[in-house]
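Residues 1 to 304 (full-length UniProt numbering) are what the sequence shown spells out, left to right. Heads up: the structure comes next, in structure tokens.
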Amino acid sequence: MKKSIAILCTLLMLFSFKTIAHAEENSIQVLSDSKEYSIGDKVKVVVNVVGAKDLYSADLTINYNPEYLELVASKFNLLQELGNSAEKGTSRHLLSILGQEKGINGDVDIAEFEFKAIKNGTTKINLPSTIFVNSKEEKKENIKANPLDISIKEKINIINVEGVKLNTEKYKLKVGECYKLVHTILPENASNKNVTWTSNNPSLVEVKDGSIKGLKEGNALITIITEDGNKTAQCIVEVYKASDNGNNGGENPGNEPGEGNEDNKPGQDNNSGVDELPQTGGNSYLPIIGLGMIVLGATIKKRN
């Protein structure tokens, strides 16, 4: 008990000093879960002792820039907090394992600090000077850690994709024809609008960036998939071969009347303005009667 009281008195004396000489060895380090954060993010910092030997007590000070970081919470492992003091940008803590015979050995995390990123920019977190005391009341002063660089950026407001739709769910193509499918991402201000197009039968219908082409007769299913959320929309494409009688397999939804239809078919005579002699059944005697009348008229004229 006397040893514990003596160590505590030593630490309390050390706690009152603010100027400490430079140390030659780094046996403590400050670590973070990342080095890049956005405004509003939590910044978790861990104080790790490398190769601790009989670590009984510690006088730990952590410095930060309050313009960029706000200290939210602190937590101490293995060592108990006996006292602390805080100024703007500085937090000092007196730690010990009072009541134990021996100190801590090995690589150990002795403290965790949680900050909140509050401003865009680059800042540092460091341990300017740490003091260790062992169970024999021997102290090691001026233990420094390499500064931890923290980068804080403006928070990006990510708008997730809720769905995707196509301008048509069915479409018909002649062999060799092309068409451009038009897609709409919902909502329209979604952050990630990347999509992938696929055809379940590329030998019949090929697709590239929404442009489809009919290759052979048959049906194929065209699918669009969003990179964000894997939202999908589909279009059934029917490919047909135009026949000689001009049957184009029907119209596509949304086409203007007659669009895609051919009025003039191969081999069709469209001279509809020429009058034709009406046909009556299968009789062909009218031309013969007419010829007889012409001959008879010529004979009468000759006799006159």
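For each residue, glycine too, the CB sits at the ideal point set by N, CA and C.
Should residue i be labelled buried (16 or more other beta-carbon atoms within 10 Å of its own) or exposed?
{"i": "residue 86", "result": "exposed"}
{"i": "residue 221", "result": "exposed"}
{"i": "residue 164", "result": "buried"}
{"i": "residue 182", "result": "exposed"}
{"i": "residue 237", "result": "buried"}
{"i": "residue 123", "result": "buried"}
{"i": "residue 180", "result": "exposed"}
{"i": "residue 34", "result": "exposed"}
{"i": "residue 231", "result": "buried"}
{"i": "residue 172", "result": "buried"}
{"i": "residue 159", "result": "exposed"}
{"i": "residue 31", "result": "exposed"}
When the distance is taken between beta carbons, is residue j closer than 8 Å to residue i?
{"i": "residue 56", "j": "residue 152", "result": "no"}
{"i": "residue 59", "j": "residue 130", "result": "yes"}
{"i": "residue 227", "j": "residue 189", "result": "no"}
{"i": "residue 127", "j": "residue 28", "result": "yes"}
{"i": "residue 39", "j": "residue 155", "result": "yes"}
{"i": "residue 89", "j": "residue 120", "result": "no"}
Whole-angstrom Cβ separation of residue i and residue j, contact assumed at under 8 Å?
{"i": "residue 133", "j": "residue 49", "result": "With 8 Å as the limit, residue 133 and residue 49 do not qualify as a contact, their Cβ atoms being about 13 Å apart."}
{"i": "residue 178", "j": "residue 211", "result": "6 Å"}
{"i": "residue 116", "j": "residue 70", "result": "4 Å"}
{"i": "residue 52", "j": "residue 104", "result": "5 Å"}
{"i": "residue 161", "j": "residue 185", "result": "6 Å"}
Can you look up residue i in the DSSP assignment and give me helix, strand or coil?
{"i": "residue 218", "result": "strand"}
{"i": "residue 40", "result": "coil"}
{"i": "residue 168", "result": "coil"}
{"i": "residue 68", "result": "coil"}
{"i": "residue 63", "result": "strand"}
{"i": "residue 190", "result": "coil"}
{"i": "residue 111", "result": "strand"}
{"i": "residue 173", "result": "strand"}
{"i": "residue 75", "result": "strand"}
{"i": "residue 234", "result": "strand"}
{"i": "residue 48", "result": "strand"}
{"i": "residue 157", "result": "coil"}
What are the boundary residues of the beta strand (DSSP E) that residue i is part of?
{"i": "residue 151", "result": "148-153"}
{"i": "residue 86", "result": "80-87"}
{"i": "residue 121", "result": "121-126"}
{"i": "residue 162", "result": "No beta strand (DSSP E) contains residue 162, which DSSP labels as neither H nor E."}
Going by the C-beta, is residue i closer than 7 Å to any heavy atom of the ligand PLP?
{"i": "residue 169", "result": "The ligand PLP is absent from the structure shown, which contains no ligand whatsoever."}
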